[in-house]
């Protein structure tokens, strides 16, 4: 305590010295000096903004992922995904080009298709169409999916992170001002 | 034989495979099936002087097929293979086989039939098919074995600097200096893709999942049982049982067998290297 004389000398301080310098630290770890602390708050804030951006993008651009597997594709030349908006609606092809078959027709493959043209809360009827070498088609489905909102949890976390970092930054500035005033 | 010859004239070009020196000449009316077979087993394509001729008849069913449950019967010198949606025969003395498939997805049944043929073909050539992962560890052939789920694929995945001959089925043949492991092409996408090669066998390790890594040597009787119980199908054949026991005993005279207690990481290689005195210098 004697060596500090009521001022922060920078660098890593002992626990006791830190308590002396940064009373009421929001981090609960009293080893950072004011500049470093502000930098951490800024970093938190930036992370919060990035997370918020990601979450908002998720929220405003919902998607439905369609997955399927095949056991073999000996005659298959490709797949199409069709979508209808009601159980008796006409299915419409939504993939732009034919989805290529597996590299190993004997064992088949695993596939994923992302439908980004969906509205939150809407229900869709998906069909998988496989085409064989003779030009025959086979329609599988439908799989009924309702587009759920996404990104809500991430948005909440992001906002919380931003608020905490702003409060922390403001308090840190106040404490620095008080110390300088004293 | 006549039917086979007539059939071969009419059908598309056959696929030739060479698996540990065992030649397979596969024919079918279905060009798509042959193309897929050629593609899947491409790393093992090759012709040998005395190929086993296999004819596959495949048609799609108009009904649901029960799950695959294979039954193998020994009819004198011949083999009969039956399962839901398929029936196969292998006339060993004639070197011909025929498989009738009526399933939507023929892979599982077709591969089982090919395994059978290769297993009996290997026995006729003095070796046998073994249920284990074969790894070329810097020129040293090592086999890890045990029942399904014991960790064969796991240890293969932790052998990133080595060649995995196959993580489930390998061929073992006697050689001038001992025994040699040969890779087989039998795999599915959940396994490690086999690397077609052969390597002298230096050690066999029965896998036991544990909390500590160490090797222990089992008694001779237990070791013999470990080997014979991991020779698929043939171990149940009454005509070949005695000879199979002789071969298992012979391999134990020439190749050390241990129980490997291992963790799910690559630390087992240190124990294997130390046990087999493999020097990486």
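Protein chains in written order, with my numbering: chain A, 108 to 289; chain B, 3 to 283. Just so you know, even glycine gets a beta-carbon here, dropped at the ideal spot from N, CA and C.
So, helix, strand or coil for residue 232(B), using DSSP? Here DSSP, grouped into helix, strand and coil, assigns residue 232(B) to coil.
Taking residue 113(B) as part of the alpha helix (DSSP H), name the residues at either end of that continuous run. Counting along the chain, the alpha helix (DSSP H) containing residue 113(B) begins and ends at 109-126.
Can you tell me which residues form a DSSP beta bridge with residue 130(B)? According to DSSP, which records beta bridges pairwise, residue 130(B) is partnered with 174(B).
Does residue 144(B) get closer than 8 Å to chain C when you measure Cβ to Cβ? Of the protein chains in the structure, A and B, none is chain C.
Unbroken alpha helix (DSSP H) run spanning residue 33(B), endpoints: In the DSSP assignment, residue 33(B) falls within the unbroken alpha helix (DSSP H) covering 33-42.
Rounded to whole angstroms, what is the Cα-Cα separation between residue 55(B) and residue 164(B)? Whole-angstrom Cα-Cα distance: 34 Å.
Nearest to residue 82(B) by alpha carbon, out of 245(B), 239(B), 244(B) and 263(B)? When each option's Cα is compared against that of residue 82(B), the closest is 239(B).
Establish whether the CB of residue 69(B) and some CB of chain A are separated by less than 8 Å. It does not; no Cβ of chain A falls within 8 Å.
Report the residues of the stretch 91-112 of chain B with a CB closer than 7 Å to any CB of chain A, ordered along the chain. So the close ones are 107, 108 and 109.
Would you please state the rounded distance, in angstroms, between the beta carbons of residue 206(A) and residue 185(A)? I believe it to be under 8 Å. That pair is a contact at about 6 Å.
Going along the stretch 24-53 of chain B in order, which residues come within less than 9 Å of chain A, judged by CB to CB distance? Flagged, chain order: 32, 34, 35, 37, 38, 39, 41, 42 and 43.
Quick one: does residue 156(A) have its CB under 8 Å from some CB of chain B? Contact with chain B is absent for residue 156(A), since none of that chain's Cβ atoms lies less than 8 Å from the residue's Cβ.
Kindly indicate the opening and closing residues of the beta strand (DSSP E) around residue 254(B). From DSSP, residue 254(B) is part of no beta strand (DSSP E) but of the alpha helix (DSSP H) over 243-256.
Inter-stretch contact (C-beta, 8 Å, three-pair minimum) for the stretch 168-182 of chain A and the stretch 217-229 of chain A: At 8 Å Cβ cutoff, the stretches touch.
Starting from the C-beta of residue 131(A), find all residues in its chain whose C-beta is less than 8 Å away, skip the five residues before and the five after it, and write them out in chain order. Unreliable positioning characterises residue 131(A) in this predicted model, as indicated by a pLDDT of 40, which lies under 50. The coordinate reading is nonetheless provided below. Within the same chain, residue 131(A) has close Cβ partners 278 and 282.
Note down, in chain order, all residues in the stretch 189-219 of chain B with a beta-carbon under 7 Å from any beta-carbon belonging to chain A. Listed in chain order, the positions of the stretch 189-219 of chain B with a beta carbon within less than 7 Å of a beta carbon of chain A are 190 and 191.
Could you check which residue in 88(B), 106(B) and 112(B) has the C-alpha nearest to that of residue 42(B)? For the residues 88(B), 106(B) and 112(B), the minimum Cα distance to residue 42(B) belongs to 112(B).
6 Å Cβ shell around residue 253(B) - same chain, five flanking residues per side excluded: Only 181 meet the Cβ criterion.
Range of the contiguous beta strand (DSSP E) that encloses residue 98(B): Annotation for residue 98(B): the continuous beta strand (DSSP E) segment containing it runs 98-103.
Residue range of the unbroken beta strand (DSSP E) whose run includes residue 175(A): Segment 171-176, the beta strand (DSSP E) holding residue 175(A).
Let's see if you can read the secondary structure: which residues bound the beta strand (DSSP E) around residue 275(B)? Counted as a single uninterrupted DSSP element, the stretch harbouring residue 275(B) is not any beta strand (DSSP E) but the alpha helix (DSSP H) occupying residues 270-278.
Rounded to the nearest angstrom, how far is the Cβ of residue 264(B) from that of residue 212(B), given a contact under 8 Å? Correct: roughly 6 Å between the Cβ atoms.
For residue 37(B) and residue 133(B), what's the separation of their Cα atoms in angstroms? C-alpha separation (whole angstroms): 28 Å.
Secondary structure of residue 202(A), DSSP reduced to three states: Three-state DSSP puts residue 202(A) in coil, outside helix and strand.
Host beta strand (DSSP E) of residue 165(B) (start-end): Per DSSP, the continuous beta strand (DSSP E) segment holding residue 165(B) begins and ends at 165-168.
At a CB distance below 9 Å, what residues from the stretch 213-227 of chain A approach chain B? Give them in sequence order. Within the stretch 213-227 of chain A, contact with chain B at the beta-carbon level (separation under 9 Å) is assigned to 213, 214, 215, 216 and 217.
Buried or exposed, going by whether 16 or more other CB atoms sit within 10 Å of the CB of residue 5(B)? Interpretation of residue 5(B) is limited by its pLDDT of 38, a score under 50 that renders its predicted location unreliable; the figure taken from the coordinates is listed afterwards. The residue is exposed, with fewer than 16 neighbouring Cβ atoms inside 10 Å.
Can you list, in chain order, the residues of its chain whose CB lies under 8 Å from that of residue 99(B), leaving out five sequence neighbours each side? 54, 55, 56, 57, 90, 91, 92, 93, 115 and 119.
Would you report the Cα separation of residue 248(A) and residue 234(B), rounded to the nearest angstrom? C-alpha separation (whole angstroms): 40 Å.
Would you mind sorting residue 129(A) into buried or exposed? The rule is 16 or more other CB atoms within 10 Å of its CB. Only weak support exists for where residue 129(A) lies, its pLDDT of 37 falling under 50; the value from the coordinates is given anyway. It is buried - the Cβ of residue 129(A) has at least 16 other Cβ atoms within 10 Å.
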